[in-house]
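**Q** What follows is a structure written as structure tokens; I'll ask about it next.
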Amino acid sequence: MKSLLKKIAICSAGLLLFAGTAVSAASGMDRTTALLPDSITPEQTFSKQDFLEDLQSELSSKGIQAAIDLYRDIPEEFADDTDLLVIKASLLVSTGSYNDAKKICTSLLSKDDKDTEVLSLAATIAKAQRNTSEWNKYIKALIAIDPYNTDANIALAQQQFSKKAYKQSRLYYQKALVRDANNMDALFGVGQTSYYLEDDNKAEATFKKILEIDPDYAPAYSYLGKLAAAHEEYKTASNYALEAVVRDDKNYDYIMDYGMYERNMGHYTNAEQAWTTAISLEPDYFLAYAYRAGLYDEQDMFSDALNDYMMVIKTNPDYYYAYESIGILALHEQQWKKAREAFTKCYEQNSKNISYPLMITYCYYMEGDKLNAKKFSDSVLRKLDRSTIDYAMLRVYHDLAGEMPLAQKISALQNTNQKGKMYFYLGLLYDMIGGKEASNKYFMEVVKLNSPMFFEYRIAEWSVGVTK
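Residue numbers for the sequence shown follow our numbering, so the first one is 340 and each next one is one higher.
Structural data, given as structure tokens:
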């Protein structure tokens with residue numbers, strides 16, 4: 340009967356999740372085997388096993404609801420059979436009928452409040468309904484009956500993990516292993532918490548133990564890859580990530596990791612292919628676009644990088660850093676409007692950075708829109724301290740005059756990044772108004788700082804023909 344019950348559980352939609360732990364839809368049925376009258380005719384009778392075979396058949400051919408419908412024909416004298424009701428409640432949970440399943444569990448617990456299988460199912464329902472107080476009640480009841488109850492300890496471990504209380508989470512996972520030393524959920528939990536606790540030896544040993552039990556357990560390969568990467572062992576990391584991908588080739592995270600490790604080894608083609616695959620799997624998620632954009636940018640494939648950064652903000656409009664990259668690359672491609680719009684987004688996020696209003700003003704001029712260049716810069720100037728170099732520089736951009744004293748003021752600045760930025764904008768101003776010799780002079784002052792801690796540094800390099 341147990342093997343038959345297992346088949347029913349598998350056919351039922353598979354597995355219910357009790358705080359992340361598999362609980363079969365046939366939970367609790369390996370109990371008694373009392374005979375049950377057949378519902379087809381008064382003359383026939385059949386055992387529980389007959390009924391379970393019918394359930395299995397309905398599940399296989401027609402689905403969960405058809406199996407639930409069989410309960411309509413159970414004779415009244417068997418309507419309160421605990422085993423059959425546990426299966427029914429489990430099937431109801433599989434269909435999302437939590438209230439109906441809850442009624443069954445409540446009734447069963449009123450008869451036996453120490454039935455661990457029913458308590459586990461009740462906890463599953465409480466979690467699905469986000470009823471924290473009831474979930475805690477059932478978990479505590481399970482722990483009171485058996486402090487080493489595997490399911491309950493895993494549930495508590497996952498609760499602590501969600502709070503980033505990794506040390507306490509690992510303790511619960513370890514308790515879960517007392518009753519079931521090879522429980523994959525608990526073992527993985529120990530490995531994962533050890534990883535976050537930076538207990539790398541424990542994490543590695545645990546993940547390798549998992550693979551001894553199940554050589555096809557993809558998450559273990561994934562974390563072994565992360566561990567290797569943390570020690571800059573990228574070849575090993577890549578091999579592990581590839582093992583994970585081979586076993587689950589639709590997993591976005593595994594593919595992203597593989598691409599990252601390949602990129603760190605300088606295997607740009609492999610990285611590009613990996614992230615392109617990730618994009619095909621989740622075209623509405625921004626991360627792979629961002630990674631691939633950075634890869635293209637690094638290889639001076641500016642047009643491709645710009646297209647990918649545009650997809651980043653399309654799929655994640657709040658990704659601030661992509662706007663800055665778009666602005667830089669759009670400047671390189673002389674797409675002034677696109678650059679201005681990107682820097683405007685940056686300015687909305689960080690109005691304290693003078694780079695953005697200077698760039699916006701510059702782009703307006705390059706678009707031939709002198710009126711809006713002055714209108715915008717004036718609105719910013721009104722908010723700035725007149726004694727600052729920021730005000731002085733933007734004032735010059737607004738007036739297109741008065742730049743002569745700026746070089747001396749900039750040379751007196753103590754902050755290297757600020758000095759570099761101001762030299763850049765002085766050079767950009769001269770470039771815009773036709774002073775090519777002066778422009779190159781100040782761009783070279785930026786490059787000589789050898790301090791690429793501000794985005795303008797790249798543009799200065801491009802302007803004087805410096806390549807890395």
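Even for Gly, the Cβ is constructed at its ideal location relative to N, Cα and C.
How far does the alpha helix (DSSP H) with Pro696 in it extend, from its first residue to its last?
**A** Ser694 to Met705 is the span of the alpha helix (DSSP H), which, as asked, contains Pro696.
**Q** For the alpha helix (DSSP H) containing Met595, name the first residue and the last one.
**A** Note, Met595: alpha helix (DSSP H), Tyr591 to Asn603.
**Q** Can you list, in chain order, the stretches of the alpha helix (DSSP H) that have 4 or more residues and sit fully within the region 646-676?
**A** Whole alpha helix (DSSP H) segments, 4+ residues: 659-671.
**Q** Express the C-alpha separation of Leu409 and Leu394 in angstroms, rounding to a whole number.
**A** Cα-Cα distance, rounded: 7 Å.
**Q** From Leu424 to Ala504, what does the alpha carbon distance come to, in whole angstroms?
**A** Roughly 37 Å separates the two Cα atoms.
**Q** I'd like to check one pair, Leu710 with Glu742: are the Cβ atoms closer than 8 Å?
**A** Contact flag unset, no.
**Q** Reducing DSSP to helix, strand and coil, say where Ser508 ends up.
**A** Here Ser508 sits in helix by DSSP.
**Q** What did DSSP end up calling Ser429 once you bin it into helix, strand or coil?
**A** Reduced to three states, the DSSP call for Ser429 is helix.
**Q** Under a Cβ-count criterion, where at least 16 other Cβ atoms within 10 Å of its own Cβ denotes burial, should His671 be classed as buried or exposed?
**A** Under this definition His671 is a buried residue.
**Q** Relative to the C-alpha of Met629, which residue among Asn646, Gln638, Leu620 and Asp639 is closest?
**A** Contrary to the premise, residue 629 reads as Ala rather than Met in this sequence. Considering only alpha carbons, the answer is Asn646.
**Q** Quick one: residues in its chain with C-beta nearer than 6 Å to the C-beta of Lys495, no 5 flanking neighbours on either side, listed in chain order?
**A** Before going further, note that residue 495 is Leu rather than Lys in the sequence given. Answer for Leu495: Tyr511, listed in chain order.
**Q** What alpha helix (DSSP H) runs, 4 residues minimum, are completely inside the region 529-579?
**A** Listed in chain order, the complete alpha helix (DSSP H) runs (minimum 4 residues) inside the region 529-579 are 539-552 and 557-569.
**Q** What's the gap between the Cα of Val584 and the Cα of Asp592?
**A** Distance between the alpha carbons of Val584 and Asp592 is about 9 Å.
**Q** Please report the straight-line C-alpha distance between Lys453 and Ala461, rounded to a whole angstrom.
**A** Approximately 12 Å between the Cα atoms of the pair.
**Q** Using only CA atoms, which one of Cys702, Ser690 and Tyr703 lies nearest to Asp729?
**A** Of Cys702, Ser690 and Tyr703, the residue nearest in Cα terms is Ser690.
**Q** For a test of the three-state rule: what should DSSP assign to Ser642, helix, strand or coil?
**A** Helix at Ser642.
**Q** Return the chain-ordered list of same chain residues with a C-beta closer than 6 Å to the C-beta of Gly528, the five sequence neighbours on each side being excluded.
**A** Ala496 and Tyr512.
**Q** Going by DSSP, what residues sit across from Ser472 in a beta bridge?
**A** Beta-bridge pairing links Ser472 to no other residue.
**Q** Determine the burial state of Lys427: buried for a count of at least 16 other Cβ atoms within 10 Å of its Cβ, exposed for fewer.
**A** Per the 10 Å Cβ criterion, buried.
**Q** By how many angstroms is the C-alpha of Arg602 removed from the C-alpha of Ala751?
**A** Cα-Cα distance, rounded: 42 Å.
**Q** Can you tell me whether DSSP reads Ser396 as helix, strand or coil?
**A** Reduced to three states, the DSSP call for Ser396 is helix.
**Q** Kindly list the residues whose CB is nearer than 6 Å to the CB of Tyr586, restricted to its own chain and excluding five residues on each side of it in sequence; keep chain order.
**A** It should be pointed out that residue 586 corresponds to Arg in this sequence rather than to Tyr. Asp555 and Ala557.
**Q** Just the Cα atoms here: how many angstroms apart are Glu795 and Phe763?
**A** Each residue's alpha carbon lies about 7 Å from the other.
**Q** Any idea what DSSP makes of Ser446, helix, strand or coil?
**A** In this structure, Ser446 counts as helix in the three-state DSSP scheme.
**Q** Write down the C-beta distance between Gly564 and Thr545 rounded to the nearest angstrom, noting that I regard them as a contact closer than 8 Å.
**A** Going by Cβ atoms, the distance from Gly564 to Thr545 rounds to 15 Å, so no, they are not a contact pair.
**Q** Quick check on the burial criterion: 16 or more other C-beta atoms within 10 angstroms. Buried or exposed for Glu582?
**A** Result: buried.
**Q** What is the C-beta distance between Ala515 and Ile493, in whole angstroms, given that I count them as a contact (C-beta under 8 Å)?
**A** Indeed, because the Cβ distance is near 5 Å, the residues count as touching under 8 Å.
**Q** Pick helix, strand or coil for Ser750, following the three-state DSSP scheme.
**A** Of the three classes helix, strand and coil, the one that applies to Ser750 here is helix, per DSSP.
**Q** Between the alpha carbons of Ser802 and Ala669, how many angstroms are there, rounded?
**A** The alpha-carbon atoms of Ser802 and Ala669 are separated by roughly 14 Å.
**Q** Whose C-alpha, out of Arg721, Val719 and Thr700, is nearest the C-alpha of Ala712?
**A** The option with the nearest alpha carbon to Ala712 is Thr700.
**Q** Going by C-alpha distance, which of Pro622, Asn692, Gly707 and Met705 is nearest Met732?
**A** Nearest C-alpha to Met732: Asn692.
**Q** Helix, strand or coil: how does DSSP classify Ser619 here?
**A** In the structure shown, Ser619 sits in a helix (DSSP, three-state: H, G or I).
**Q** Pull up the distance between the alpha-carbon of Met595 and that of Leu634, whole angstroms please.
**A** Each residue's Cα considered, the two are about 13 Å apart.
**Q** Could you give the first and the last residue of the continuous alpha helix (DSSP H) run that contains His737?
**A** Its alpha helix (DSSP H) spans residues Ile728 to Asp738.
**Q** What separation, rounded to the nearest whole angstrom, lies between the Cα atoms of Glu473 and Thr489?
**A** Their backbone Cα atoms lie some 19 Å apart in a straight line.
**Q** In this structure, how does DSSP classify Ser718 when only helix, strand and coil are distinguished?
**A** It is helical.
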